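Heads up: the structure comes next, in structure tokens.
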């Protein structure tokens, strides 16, 4: 009987050791997977340095772009839409990206306007970022049309109610291409932080705002070309055609704040 008891104790101890060892391996594997997942993200702005960021078609950041309170900031006074002549757009110039998931947090002031570009190319004659790259629109939906005159511009595009902000011009739209779904759209007021995710592959592009998907389309599909060739970009042969390029932020004569900028290759 004593021998049987001793055998059971030893056996249980061995099983327990094996279970503990298994748990240790599982814990280690989980940690490795978590580390691998976190390492997939490339930080484009660390809250301290502007390394990698420069002017579009330039070598250094334009005046006004600074790091303030750990935020990448365009420190300027609000300009009016009718006076806008093109701005001091910037890019992350260390690397081009093709298929990706981009995450950005941002906020704008009352009457503010900006945008996030991707697949942006440089040194193209007679073309700026909006003529080349798709843009995730950032704007003050509520107040922009109250402060800026849009009538002449929107009339030239054939928009109804030209004095008002069009859905294709509103926040989270694929600018002048796809409007954000109003049922899912939750935009925080000016002066408060919002989060944006852009997922891009040739099979599907998604735009997210504050945790909700608001735009989905298939790049270079028949539908995509119909919108391109029937709207604002019909005369822009290069618009949206590049399959790789830089990430960029738009200066549109407006203060703007960005933080927690990171990207994952897909």
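Residue numbers (my numbering): 43 to 308.
Built from N, CA and C at the ideal position, the CB exists for glycine as well.
Remember, predicted model here, so these are calculated numbers, not experimental data.
Looking only at DSSP bridge pairs, what is residue i linked to?
i: residue 291; result: 132 and 158
i: residue 236; result: 148
i: residue 113; result: 110
i: residue 178; result: 158 and 216
i: residue 249; result: 240 and 257
i: residue 85; result: 304
i: residue 142; result: 242 and 307
i: residue 222; result: For residue 222, which the question treats as bridged, DSSP gives no partner whatsoever.
i: residue 95; result: 134
i: residue 298; result: 116
Between residue i and the ligand HEM, is there a pair consisting of the residue's CB and a ligand heavy atom that are separated by less than 7 Å?
i: residue 303; result: The ligand HEM is absent from the structure shown, which contains no ligands of any kind.
Report the CB separation of residue i from residue j in whole angstroms; it is logged as a contact under 8 Å.
i: residue 254; j: residue 248; result: So it is not a contact: roughly 11 Å between Cβ atoms.
i: residue 122; j: residue 190; result: 6 Å
i: residue 157; j: residue 217; result: 6 Å
i: residue 263; j: residue 151; result: Not quite, the Cβ-Cβ distance comes to about 36 Å (not below 8 Å), so this is no contact.
i: residue 187; j: residue 206; result: 5 Å
i: residue 133; j: residue 160; result: Not really, about 10 Å apart at Cβ, beyond 8 Å.
i: residue 118; j: residue 135; result: Residue 118 to residue 135, Cβ: 21 Å. No contact.
What would DSSP say about residue i, mapped onto helix, strand or coil?
i: residue 216; result: strand
i: residue 166; result: coil
i: residue 306; result: strand
i: residue 266; result: helix
i: residue 206; result: coil
i: residue 73; result: A caution first: residue 73 carries a pLDDT of 40, below 50, which makes its placement in the model unreliable, though a value can still be read off. The answer is helix: DSSP assigns residue 73 an H, G or I state.
i: residue 283; result: coil
i: residue 102; result: coil
i: residue 188; result: helix
i: residue 230; result: coil
i: residue 65; result: Low per-residue confidence applies at residue 65: pLDDT is 40, beneath 50, and the placement is therefore not dependable, though the value from the model is reported in the following sentence. Residue 65 falls in the helix class under three-state DSSP.
i: residue 183; result: coil
i: residue 126; result: coil
i: residue 201; result: coil
i: residue 121; result: coil
i: residue 272; result: helix
Using a threshold of 8 Å, state whether the C-beta atoms of residue i and residue j are closer than that.
i: residue 232; j: residue 178; result: no
i: residue 164; j: residue 286; result: no
i: residue 240; j: residue 84; result: no
i: residue 270; j: residue 281; result: yes
i: residue 142; j: residue 284; result: no
i: residue 92; j: residue 113; result: no
i: residue 213; j: residue 162; result: no
i: residue 116; j: residue 293; result: yes
i: residue 222; j: residue 251; result: yes
i: residue 259; j: residue 146; result: no
i: residue 120; j: residue 154; result: yes
i: residue 149; j: residue 234; result: yes
i: residue 311; j: residue 171; result: In the structure as shown, the chain begins at 43 and stops at 308. Residue 311 is therefore absent and cannot be evaluated.
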